[in-house]
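These protein sequence lines are chains A and B, in that order. Just so you know, my numbering puts 536 at position 536 of the first sequence, and the rest follows in order with no gaps. Just add 1000 to wherever you are in the second sequence, counting from 1, and you've got my numbering. Note sheet for the following structure.
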Amino acid sequence: MATLSVKIGGEAGFGIMTTGLLFSKVAARSGYHIVDYIEYPSLIRGGHNAYEITFSDQPITALKKQVDFLVCLNEDTFNKQRHLLHSESAVIFDGDEFNFEAPFIKVKVPFKKIIDELKGKVVMKNTIALGALLALVGGNLVILDDLIREQFLKKGEKVIFFNQSFAHAGFNFVKENYSHLIKDYLKERESKEAQLVLSGNDSFSLAAVAADCRLYASYPMTPSSSVLSTLASWQSETKMIVRHAEDEISVINTALGASFAGVRSAVGTSGGGFSLMVESISFAGVAEIPIVIFLASRPGPATGMPTWTEQGDLLFACFAGHGEFPKIVLAPGDQEEMLELTLKAFDLTDYYQTPVIVLSDMYLSEGHRSLRKKKVEEILFQYHVNRGKLNLNGTTSLPSSLPRNFLRYQVTDDGISERLIPGTSGFFYQANSYEHLEDGHTTEEAKPRKDQVDKRNRKWITYLARDFFLPKFYGSQEAEIVFVSWGANKGTILEAQRLLRDKGLTTGFYHFTHLYPLDREKVRQLFSSNKRYILVENNSWAQFGKLLAMETGVIVEEKILRYDGRPIEVGDIFGFFS
Amino acid sequence: MTTIQEFAGYPPTWCPGCGNWPIGQAIKKALVDLGYSPDKVVIVFGVGCSGNMNDFVNAYAIHSLHGRALPNAIGVKLANHRLPVIAIVGDGDCYGEGGNHFLHACRGNHDITVLVHDNSVYGLTTGQSAPTSPKGFKSKSTPQGMIEIPINPLALALTQGATFVAQAFSGDLIHLIEIIKLAIRHRGFSLVNILQPCITFNKVNTYEYYFQRTYKLSLDHTKDDYRLALKKCLENNEEKYPLGIIYQVEKPTFHDQLPQFSDDVPLIEKEKFKDLDRLINLFQ
């Protein structure tokens, strides 16, 4: 089958997100692969929300721009989305509400009439529409019924049946009135594997629990907020402490206090909140307190465009914090890499006792992908916590009769010193924001200062040798054209590569995930003088290009940049060659 | 039995005659009297002359950023609520830079003890006005005199939910030790605002000034009377400073109210969560 796309649009506050996610889950449960994304304004009611889902029986990695099925919960949706339709596109709408003269397939479903008949509320329009859409693409209503049941389980049978009845009404209306249009695009596949539908934030949340993160602090900020609500909703089970503190400064300092006391801790935010955390990141650097920072970017500067996407915080993330201290920045390219790199981030921050940033953006954080359940389980269950030099059972050196000062910042070859959990008998030490001696006491002397700076800097040398990963390469090694990118652009570039190959143009693609620091020599060796390299970034400065030049001396001249708040599209890359 | 000597770190670098000396002594004596040893107590220091005590007292400690000691202390307590957690901070540190954290920590009734060195001036940065400086106070940063009225930390703490609000004076060591001990023993958020002369940069709020304007609350002062407490707190505004426990009530602490701690097992000692399957299935 071809790759198809549906888009569901309507006024904000009318359950567009829930409806879209339900469709993604029906598709995934029916054995199809999905990629989805939502566009919405930063307000609660009114304004235009649109949820788009691309699905296929083949693995897919990108959204399809053209819309094959458009569900209009209001007229505004049609007007805003019609430019994405083609002559074969079907439009589901309430003919009693509006009409249009255009060469698209009209599927008129009387939402309002059905609501009146079933004595429902206006917000149930979306459930009728979902039923109608499902009928049109040949989906299995039983699967949708199951999902509605799971959604309203706590509210009892009556509510479940009531909501299901709206889905049935929409489904049956199409069956009865538009049977000639019904296709089997979403027919339940016989050979299907169990799949999950995960957003980037879902992946971070699951991995944080799997990594034994015990304290997550955050202040709500789009697009990171759903991590806070997800982890909070699990806390009675997981026993994780999920703290919504008064501001992001308190957020990170609560987490640092808990981390000092020995529990794995993380914070999550977007650019503005991250800005408030910056002094404390420097503190974590010098005091050598582990912390995972989940930074889900949105377009800045300042409040920017809160519900849209951009990769504009890369350089800020790398260089956040006054003074010199090592920091590690990882950027997953999709939901699967988010699982892997989040797990790794918790190990790295414990191992190197320095801040680790997991960099995401709105497109990755809030968009969903279907993933094989087995693969997710494999990643999460095969993981084992590695806390590095944190000594959980006291220390190897025996305590004297009186508690004595533990050498928390002992100078070592790898730059990493042993760490004790406060309360460990026979010792004490302080984590110091001032420059300090090996025992943690404040110093302003020249030699110990230099020793500690060198010690901290050696962590990077150890990291580059032990834990740094070069970019993954996709495509043909022989290709003359090689894309260079990072983060959520991955899936779009892979799809563009496929389309270009169909047109006879083979390409390569370096997808960087371990963004900072970069290994100068190893990265330089990847680039040859007789190839054409093209940077692809979702920002206006080509920030990774600058980082690459600074860290390795590699300069990439050609660039595909997008910075209008929308993710890079396949067309942006494809169009570059025409 | 521990001794003061076990808690003694490096020799202090405070000015001779500074109020920090008796406060430092009182803290160590209180810890000894309560039977703690340096390996069983956590102290979070702010930044300022008070925070410099980090090197003079032995304990598991954090020398935090300016203003951020309270959230650090809250984090430590959440991770291991069996450890006593004390924040040693200054007035500019806690009421200025960290003012937001202060009022929210009161609201949460976090079980931490906050000992504020209140000298009404910035000492370590060599004499600028503080949020506690009197109106009209001339300093390096306010040569024309302070325009704002001083903050009232006692009334602020009381009205924001602190369950232990006390004031002490560095010129009365025996009383100070007792108040600190009671503050540490208190379950819930405890504040001791410690009036302290800065002999170098504050020529207004001197020992003489406080000797004349402080008084001890009578022994029959009712500690759980909120309105009476508020009245007493507001006396600071009239430059009349009550010393002692102005307000104390027993209320569930922040961690008492977290279902995660219904088993009373500290976060650090809990078993790793194992039922990932159920969470994974939520996404099917």
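Every residue gets a Cβ at the ideal spot worked out from N, C-alpha and C, and that includes glycine. Bear in mind the structure is a predicted one, so any value in this text is a computation, not a measurement.
For a test of the three-state rule: what should DSSP assign to B/Lys1232, helix, strand or coil?
Here B/Lys1232 sits in helix by DSSP.
What residues from chain B crowd round A/Asn201, counting only those whose CB sits closer than 8 Å?
Chain B residues near A/Asn201: none, gap ~11 Å exceeds 8 Å.
Take every Cβ of the region 1263-1277 of chain B, pair it with every Cβ of the region 1078-1091 of chain B, and state whether three or more of those distances are shorter than 8 Å.
In short, these stretches touch, since the Cβ pair count reaches three.
To the nearest angstrom, report how far apart B/Gly1096 and A/Gly47 are at their CA atoms.
Rounded to whole angstroms, B/Gly1096 to A/Gly47 spans 41 Å at the Cα level.
With distance defined between alpha-carbon atoms, name the residue in B/Asp1033, B/Asp1224, B/Leu1078, B/Ile1004 nearest to B/Leu1258.
When only C-alpha atoms are compared, the closest one is B/Leu1078.
Can A/Val55 and A/Leu4 be called in contact, C-beta distance under 8 Å?
It is worth fixing the name first, because residue 55 of chain A is Phe in this sequence and not Val. Against a cut-off of 8 Å, the Cβ pair of A/Leu4 and A/Phe55 comes out as a contact.
Under 8 Å, do A/Ser224 and A/Phe294 count as touching if we go by C-beta distance?
Yes. Within cutoff.
For a test of the three-state rule: what should DSSP assign to A/Lys64, helix, strand or coil?
DSSP places A/Lys64 in coil when its eight states are reduced to three.
Under 8 Å, do B/Cys1049 and B/Ile1199 count as touching if we go by C-beta distance?
For B/Cys1049 and B/Ile1199, no; Cβs fall outside 8 Å.
Quick check: is the beta carbon of B/Gln1284 nearer than 8 Å to any beta carbon in chain A?
So yes, B/Gln1284 belongs to the interface.
What residues in the region 1238-1267 of chain B bring their beta carbon closer than 8 Å to a beta carbon of chain A?
Of all residues in the region 1238-1267 of chain B, Leu1258, Pro1259, Gln1260, Leu1267 have a Cβ within less than 8 Å of some Cβ in chain A.
When the Cα atoms are used, what is the spatial distance from B/Tyr1207 to B/Gly1019?
Looking at the two C-alpha atoms, the distance is approximately 9 Å.
For A/Asn126 versus A/Ile16, is the C-beta spacing smaller than 8 Å?
Taking 8 Å as the Cβ cut-off, A/Asn126 and A/Ile16 qualify as a contacting pair.
How many whole angstroms separate the CB atoms of A/Tyr219 and A/Asp247, which I take to be in contact at a CB cut-off of 8 Å?
About 6 Å separates the two Cβ atoms, so the contact holds.
Taking the alpha carbon of A/Thr506 as the reference point, which residue from A/Val482, A/Thr492, A/Asp519, A/Gly20 has its own alpha carbon closest?
It is A/Val482.
Closest to A/Asn457 by CA distance: which of A/Glu478, A/Ile328, A/Phe104 is it?
Looking at the Cα atoms, A/Ile328 is the closest of the given residues.
Output, in chain order, the set of chain B residues within a Cβ distance shorter than 9 Å of A/Glu377.
Simply Leu1276, Asp1277, Ile1280.
Are B/Asn1052 and B/Ala1061 closer than 8 Å when you measure CB to CB?
Not a contact, by the Cβ cut-off of 8 Å.
Just checking A/Leu548 against the ligand ADP - is the residue's beta carbon closer than 7 Å to any of the ligand's heavy atoms?
Among the components modelled here there is no ligand, and therefore nothing to report on the ligand ADP.
Using CA atoms only, rank isn't needed, just tell me which of A/Gln81, A/Phe111, A/Gly415 is closest to A/Ala102.
The residue with the shortest Cα to Cα distance from A/Ala102 is A/Gln81.
Below 6 Å CB to CB, which residues in the same chain sit around B/Ala1059 once its five sequence neighbours on both sides are set aside?
So the list reads Pro1038, Val1041, Ile1043, once near-sequence residues are dropped.
Measure the C-alpha to C-alpha separation of A/Glu52 and A/Ile8 and round it to an integer number of angstroms.
Approximately 6 Å, taken between the alpha carbons.
Apart from the five residues just before and just after A/Asp145, which ones in its own chain have a Cβ nearer than 6 Å to its Cβ?
So the qualifying residues of the chain are Gln164.
Given this structure, state the Cα-to-Cα distance separating A/Pro41 from A/Phe111, to the nearest angstrom.
Cα-Cα distance, rounded: 24 Å.
With a threshold of 8 Å between beta carbons, is B/His1101 in contact with chain A?
Yes - at least one Cβ of chain A is within 8 Å of the one on B/His1101.
Give the C-beta separation of B/Cys1233 and B/Leu1158 to the nearest angstrom, bearing in mind that I take them to be a contact with Cβ-Cβ under 8 Å.
With 8 Å as the limit, B/Cys1233 and B/Leu1158 qualify as a contact, their Cβ atoms being about 5 Å apart.
Between A/Val453 and chain B, is the shortest Cβ-Cβ distance under 8 Å, so that the two count as touching?
Answer no: the Cβ-Cβ gap between A/Val453 and chain B never drops below 8 Å.
Between A/Asp36, A/Ala50, A/Tyr32, A/His441, which has its C-alpha nearest A/Asp57's C-alpha?
Selected option, being the one with the closest Cα: A/Tyr32.
Give a yes or no on contact between the region 559-572 of chain A and the region 1134-1141 of chain B, applying the rule of three or more CB pairs nearer than 8 Å.
The region 559-572 of chain A is not in contact with the region 1134-1141 of chain B.
Along the chain, where does the beta strand (DSSP E) containing B/Gln1167 start, and where does it finish?
Where B/Gln1167 is concerned, the enclosing beta strand (DSSP E) stretches over 1164-1169.
Would a C-beta distance cut-off of 8 Å place B/Ile1280 and A/Leu196 closer than the cut-off?
Result yes, Cβ atoms of B/Ile1280 and A/Leu196 sit closer than 8 Å.
Cα separation between A/Asp473 and A/Gly508?
The sequence shown places Phe at residue 473 of chain A, rather than the Asp named in the question. A/Phe473 and A/Gly508: Cα-Cα distance of roughly 7 Å.
For B/Leu1070 and B/Pro1153, I'd like the C-alpha separation in whole angstroms.
When rounded, the distance between both Cα atoms is 15 Å.
DSSP has A/Arg524 in a bridge; who is on the other side?
DSSP lists no partner for A/Arg524.
Please tell me whether A/Tyr178 and A/Val107 are closer than 8 Å, where the distance is taken between their beta carbons.
Yes, they are a contact pair.
Cβ closer than 8 Å: which chain A residues qualify as neighbours of B/Ile1004?
None at all; the shortest Cβ gap to chain A is about 13 Å.
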